[in-house]
Structures are given as structure tokens and as C-alpha cells.
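What follows is a single structure, written as C-alpha cells, with notes after it.
Residue numbers (the numbering used here): 1 to 565.
Set out below in C-alpha cells:
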């Protein structure tokens, strides 16, 4: 039997990418196959720092920056668009415009007050639907507030570049990760940027999860793959996952396609890179299937089982996670089950740090806007909604013909002016105890939360960080979508039952298959799949997906009351 020279084979795939002089390249590669490493080698091969790296996921930007910041400008798509917009300012925006993530909600509400409907404006931008006048109305109101959101920001810079190609920036190469997560608006801007620069895009249609969240389509990746314009490459060797997880993923894909699913999937090899996984393959030869008898608030067996497993994790694994700057434990599943697990962990003494997105920081944001410009329309709009709501609708009606600040009653201006003076003192660490109490009460936030929001940024994912007090171990809990871009030594996938994942086992969707694959491939060492017979009073059967893994790859365990005794 021939043995694989893994190192030589992996180098062969990378070298093919480096040796190609194609203007446009596409790499289709599964999770953990060395995309960041390949980006680094491509940039080193070019030997210039005039390069751009774009991705959709914040966590990936942080990882890529560590390796590539000296060789390229590494940004999220929206960060790049905002920077470009400052350099290519439309006539209807001022140079000191604000970025406010909730601007869609504000503008849609404003138009409802004057009996005009521009609901779901986000989708109009994402799909470049310029019919019905929704986009033009949105931009007009956005200019009134001198404020942009994520989608209209991309749209504005797309239109600026379309009207003046000379202003499109030029790079030695543009590297784009997670291409399957981009929508038509974003793809259109990428195509425009590609007219001035060599372009290398990387994606994996097995990890396409954002069709509903942001109208992303894996078909845009597939179209590039079959296009004669792009030269195709693969990175088949996975250094993250153990051999059993790689085998499971291949079995899942094979089973899905036999059942008539994943019909448009790009064929790609997915092979465990054994030299990097020799020890882990020996220690973790199986995926564990844990079947709990029940999970309720009174009998939280899923949470209790996870806790018992956390307590078994070795100090070596904990240290390894710290060295790699990843969570040691990742708990992935539907939010309603995660909530119960979180409640159990709180009640049993775990310390929970909530991410900023779980709090309302709008008032703090508005004070920041007013601190920059006391006449800021968006600043006063948020303040009125947050503190003087009964006046909001009448002021909005008049604001379509007047500046918002001029419609705010003077007594409210005086009150806000006082709070703004406290805000300025807060920024300079000069609040006394009485002032701090007043400021905290106004904001309905703690000082530490406000500082974190201001100094670490307001855009976070929907995950929570959990820290075990008796161990120096990091734990993260998130949804399947929120797990994108993450990896962990020990992964628990919860809620793997028919009726949850998949929602309907007779009509399984490609997206549900992708969710399962993404969840499995977050694991660097052990992956445990947890099903349950009864969850919050409802009866469930094990997910069909568990059978797709293959019986030889699973170690089964039943957990009921006697297990904990």
C-alpha cells in the first residue's frame, strides 16, 4: 500500500498557486486547510505591501491581522467601504459622517410616520434592487442624518467607483476570504475592484450559512469556479480536525448527495493532514454521541453533562488553547437551548461576561455624536427616542422640512447638555462619585460596560464568554452561524434532534447540512454531539445527521439521572 508524503503533497498544491501568473485565481478549500498560511505565502511571494485582504467575519480579521498586517491592509468588507467612502465622498454626505449600525431601523420608522413604506430596506441594498425608490429614499434620509449603515455604505462606494473608474484603488493583489458569505452588492464591488488589481478569492460552499441573514449566495462562488476568467485551485489537507471528523464530513457530503442534496456543490478533496494530528487522532478516535433522557430547567442534563466534561479537560489542553488564543471549549446550538445551558452555568457559580451586543448602547453612541457635533441630527434623533419618546413622532413629521436639532424643546436641550458635560468628564476620567452615579443612571449601564463599548468597539457577535472560576479555562457559547471563523479544542453540538436540526427530517435543506458541517469542523480535538429525548416538555428523536456520520466513527453514551449519581 502506497503511503502519502503529506508534506510534499501539501506543498505541491500551494506551489501551484504561487507559480500561476493568472490575473484571477480561486481557491476552494474546506475548514482548517491553511488559508491564512497560503495568504501569507502568496503575499511573501509578491514582495510588496500594497495589498488588500477582505473578509466578512470580524474574528477572521483579527486572526489574519496577526499574520498579514505587515504585508497587507486587512479589513472587514464594511471597514474597507467606510474608509473608501471618506476618500470618495458623495456630494450629499459631509466628511464627518457617522456610522450607526441601526440606521436602517431609524430611517424605516421615520418614513412610516409620514405614511411612506420602505420596509426591508436592507434587502433592497443587498440585492441591488433599485426599483420602488426605496434605496433613493433611504439615501436621502441617511444624508439628512449625515449617517451611514453597513449596506448603504457599500452601495454608496460602489456607485462612486462606477461613476469614476479612475478613483478605484489599485493593489498588487486583493485576497478575499469566505467568498461564499458575500451577497450581490458586495460581489459587485469586488468585481469592480478586480478591474484594477490581481484577485485571489477563497471560499467553501460547504460553509455557506448567511443566505437569510444577509442575502449571501454560494452560487456567486460557484459561478466564479466554472468561469473561464478564474484559474481554479484547491487546498485539500486539513490540519485542524482529527481524522474521524474529516471522515465524518466526507460521509455527510456523500450521504447528502445520494439523497439528492448539495447538487450544485463544488467537488473538493478534504483530507486529514496526519503529521499534525498524530497525537490527537490517537487520543480522540471517535466523535461522541451523547443522548440525554431529558433537558428542562429542573433537570438540565445537557448542561450538567457538559459541566462534567469540562471538569475532565486536562491542564495541557487548557494551556494549548491559551497558546493558540482560542476558546478551550465551544458550545454550539440553537439559542433557546443555549439559553438554558447558560442559566444553569450561572446558577452553579460560573461567571458570565455578556458581549456588548446584548446591551443597548444607543444613548452612549448619541452622546458621542453630539460631542463631535452638538447640532447632529442623528444624535438628537437617538436621544429623543431614548429619553423623550412621547415627542418623537411629532418631531419626525416636521423634520422632513427642518433640522432635527431645531425641533427639540429647549428644556430637553438643557438636560442633555448637562449629561453631555458628564460624558466629557467621563472621557477624561474626571467624574466624581455623585456625577458617576448620575451618569450611570442616565445611561442605564455600568461604567465598565460603557468603557468596554467605547474603547473596544460596539460591533460584536452574538456570543457570550463564560469563564470557569476554578480553572483557567475559556469557554464560548454561540449559535451555528456565530461559530463561523472559530475553532476550539473541545466542541459540544447541542440540539441535534429532528425538529431542531434538521427542522424537518423529510425536507432537509442544504443550509442545515452546512450548519452541521461547520459545527463539526470547529473542533481541533474532541467533538461531542448531544441529542435529547425530551427538551422543555417536547419529545424528540435523534437527528438524522448523526446516522450520516457513520457508525464506525461514533462512540455512544446514554445520560440520565443515574449517570450523575
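Glycine included, C-beta positions come from ideal geometry on N, C-alpha and C.
Because the structure is a prediction, the values reported are computed rather than measured.
{"query": "Evaluate the contact criterion for the segment 180-188 versus the segment 200-216: three or more CB pairs, one atom per stretch, below 8 angstroms.", "result": "yes"}
{"query": "Could you check whether residue 362 and residue 382 sit closer than 8 angstroms to each other, using their CB atoms as the reference points?", "result": "yes"}
{"query": "For residue 227, count neighbouring Cβ atoms within 10 angstroms of its own Cβ and tell me buried if that reaches 16, exposed if not.", "result": "exposed"}
{"query": "Residue 537 to residue 302, Cα distance in whole Å?", "result": "14 angstroms"}
{"query": "Taking only three categories from DSSP, how would you classify residue 534?", "result": "strand"}
{"query": "Take the Cβ of residue 502 as the centre, count every other Cβ of all protein chains shown within 10 Å, and call the residue buried at 16 or more, exposed below.", "result": "buried"}
{"query": "If you compare alpha carbons, which of 540, 64, 134, 493 is closest to residue 526?", "result": "493"}
{"query": "Give the straight-line distance between the Cα atoms of residue 240 and residue 270, rounded to the nearest whole angstrom.", "result": "12 angstroms"}
{"query": "Spatial neighbours of residue 14 within its chain, please: C-beta separation below 7 angstroms, excluding the five flanking residues on both sides.", "result": "38, 41"}
{"query": "Along the alpha helix (DSSP H) that carries residue 379, what are the first and last residues, could you check?", "result": "377-387"}
{"query": "Just curious, the alpha helix (DSSP H) that residue 165 is in, first and last residue?", "result": "Run containing residue 165: none; DSSP gives neither H nor E here."}
{"query": "So what does DSSP say about residue 461, is it helix, strand or coil?", "result": "Annotation note: pLDDT 34 at residue 461 (below 50); position unreliable, no value reported."}
{"query": "Figure out for me which residue from 368, 481, 385, 391 has the closest Cα to the Cα of residue 425.", "result": "368"}
{"query": "Could you have a look at residue 153 and say whether DSSP puts it in helix, strand or coil?", "result": "helix"}
{"query": "Is residue 352 helix, strand or coil by DSSP?", "result": "Residue confidence for residue 352 is low, a pLDDT of 46 falling below 50, so the modelled location carries little weight; the figure read from the coordinates is stated next. Of the three classes helix, strand and coil, the one that applies to residue 352 here is strand, per DSSP."}
{"query": "Does DSSP put residue 501 in a helix, a strand or coil?", "result": "coil"}
{"query": "Which stretch, first to last residue, makes up the beta strand (DSSP E) that contains residue 64?", "result": "Here residue 64 belongs to no beta strand (DSSP E); instead the alpha helix (DSSP H) covers 58-68."}
{"query": "Could you check which residue in 76, 211, 145, 71 has the C-alpha nearest to that of residue 515?", "result": "211"}
{"query": "Can you give the Cα-Cα distance for residue 201 and residue 17, rounded to whole angstroms?", "result": "12 angstroms"}
{"query": "What residues in its chain sit with their C-beta under 8 angstroms from that of residue 309, if we drop five residues either side in the sequence?", "result": "490, 492, 528"}
{"query": "Assign residue 598 to one of two classes, buried (16 or more other C-beta atoms within 10 Å of its C-beta) or exposed (fewer than that).", "result": "Missing from the structure shown is residue 598; the chain here goes from 1 to 565 and no further."}
{"query": "Using a Cβ-Cβ cutoff of less than 7 angstroms, which residues in the same chain neighbour residue 255 once the five nearest sequence positions on both sides are dropped?", "result": "548"}
{"query": "Please report how far the alpha carbon of residue 26 lies from the alpha carbon of residue 123, in whole angstroms.", "result": "27 angstroms"}
{"query": "Kindly indicate which three-state DSSP category residue 247 falls into: helix, strand or coil?", "result": "helix"}
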